[in-house]
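Position 70 of the sequence shown, counting from 1, maps to 70 under the UniProt record's numbering, and the rest follow consecutively. We treat Cβ as the ideally placed atom computed from N, Cα and C, and that holds for glycine. Reviewing the structure listed below.
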Amino acid sequence: MSRLKYLNHYPAAVTAKVENLLDRGELAGVIQRKYPTLHDIRSDKALYAYVMDLKNQYLRQSAPLSKIVYDDKLDVLHQALGLHSFVSRVQGGQLKAKNEIRIGAVFKIAPLPFLRAIAVHELAHLREKEHNKAFYKLCEYMEPDYHQLEFDLRLYLTCLEQSGPVYA
């Protein structure tokens with residue numbers, strides 16, 4: 001498996017620079033200089049409030065969210081950063097639908113822009129289920145720097161996997 005699995009689809013020139021930073025042990029420093037502070041959104045209650053503020057600001061007319069939590073069982077280094085699930089249940093004679101957002105617990109200790117990028121990504125799934133052009137346009141609407149944050153987040157995950165914690 002590639003050492004840069006989060007950067008598989010990036011050009012060779014980009015991945016070579018990242019490999020070089022990893023080899024010299026400088027990737028964590030680059031991330032720390034660009035994102036020097038961590039957020040203080042540690043509880044599920046605070047996360048719910050943060051994501052709902054984003055939703056109310058950009059997606060007021062979208063389906064309601066029933067749950068927004070950090071998920072300790074979500075293995076971000078092997079599956080996903082966050083998870084948007086749409087759950088349908090039959091209750092009596094009616095069909096009840098619930099939208100839930102789960103964000104990997106590893107992001108309890110991360111810079112706020114990374115948490116925002118994940119929240120924006122999962123909120124965009126309320127309107128667009130697939131990762132298509134409309135989906136990414138919606139992400140950019142909510143976070144104009146979305147693509148740069150996604151790349152930096154991939155660098156952060158690479159550093160976590162290869163070198164351990166970025167912020168001690």
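Exercise. Taking the CB atoms as reference points, tell me whether Q148 and L27 lie closer together than 9 angstroms.
Key: Reading the sequence shown from its first residue, position 148 is the one you call residue 148. Reading the sequence shown from its first residue, position 27 is the one you call residue 27. Cβ atoms of Q148 and L27: not closer than 9 angstroms.
Self-check item: Inter-residue Cα distance where the pair is E19 and E150
Solution: Residue numbering aside, residue 19 sits at position 19 when the sequence shown is read from its first letter. Residue numbering aside, residue 150 sits at position 150 when the sequence shown is read from its first letter. About 18 angstroms.
Exercise. Classify L59 as helix, strand or coil using the three-state DSSP reduction.
Key: To locate residue 59, count along the sequence shown from 1; it is residue 59. Of the three classes helix, strand and coil, the one that applies to L59 here is coil, per DSSP.
Quiz item: Of the residues D145, S62 and I118, which one's Cα is nearest the Cα of V69?
Solution: Taking the sequence shown and counting its residues from 1, the one referred to as residue 69 is at position 69. For V69, the closest of D145, S62 and I118 by C-alpha to C-alpha distance is I118.
Practice problem: State the Cα-Cα distance for the pair A97 and D23, rounded to the nearest angstrom. | Solution: In the sequence shown, the residue the question calls residue 97 occupies position 97. In the sequence shown, the residue the question calls residue 23 occupies position 23. C-alpha separation (whole angstroms): 48 angstroms.
Quiz item: Which residue comes first and which comes last in the beta strand (DSSP E) that contains K67?
Solution: Within the sequence shown, residue 67 is the residue found at index 67, counting from 1. Run containing K67: L65 to D71, per the beta strand (DSSP E) assignment.
Quiz item: What separation, rounded to the nearest whole angstrom, lies between the Cα atoms of K17 and S66?
Solution: Along the sequence shown, one-based indexing puts residue 17 at 17. Along the sequence shown, one-based indexing puts residue 66 at 66. Straight across, the Cα-Cα distance linking K17 with S66 is about 42 angstroms.
Quiz item: Should K73 be labelled buried (16 or more other beta-carbon atoms within 10 Å of its own) or exposed?
Solution: As a first step, residue 73 must be located in the sequence shown, where it is residue number 73. When all chains shown are included, K73 counts as exposed.
Quiz prompt | 8 angstroms contact criterion, which L138 and A124 should meet: CB distance rounded | solution = On the sequence shown, position 138 is the one that residue 138 refers to. On the sequence shown, position 124 is the one that residue 124 refers to. The Cβ separation is near 5 angstroms, so the contact holds.
Practice problem: Identify whether I101 lies in helix, strand or coil by the three-state DSSP scheme. | Solution: Taking the first residue of the sequence shown as position 1, residue 101 is located at position 101. Three-state DSSP puts I101 in a strand.
Quiz item: Do you know offhand how far M142's Cα is from L21's?
Solution: Taking the sequence shown and counting its residues from 1, one reaches residue 142 at position 142. Taking the sequence shown and counting its residues from 1, one reaches residue 21 at position 21. Going by the C-alpha atoms only, they are around 31 angstroms apart.
Practice problem: Closer than 6 angstroms by C-beta to F107: which residues in its own chain qualify, once you throw out the five before and the five after it? Chain order, please. | Solution: If you number the sequence shown from 1, residue 107 lands on position 107. L115, listed in sequence order.
Practice problem: Out of P64, I109 and Y48, point me to the one whose CA is closest to R127's CA. | Solution: Taking the first residue of the sequence shown as 1, we reach residue 127 at position 127. Comparing Cα-Cα distances from R127 to each of P64, I109 and Y48, the minimum goes to P64.
Practice problem: Look up S163 in the DSSP assignment and say whether it is helix, strand or coil. | Solution: Within the sequence shown, numbered from 1, the residue matching residue 163 stands at position 163. Note: S163 maps to helix in three-state DSSP.
Exercise. Tell me whether the beta-carbon of A105 lies closer than 9 angstroms to the beta-carbon of D152.
Key: Taking the sequence shown and counting its residues from 1, the one referred to as residue 105 is at position 105. Taking the sequence shown and counting its residues from 1, the one referred to as residue 152 is at position 152. No; because the gap between Cβ atoms is not below 9 angstroms, this pair is not in contact.
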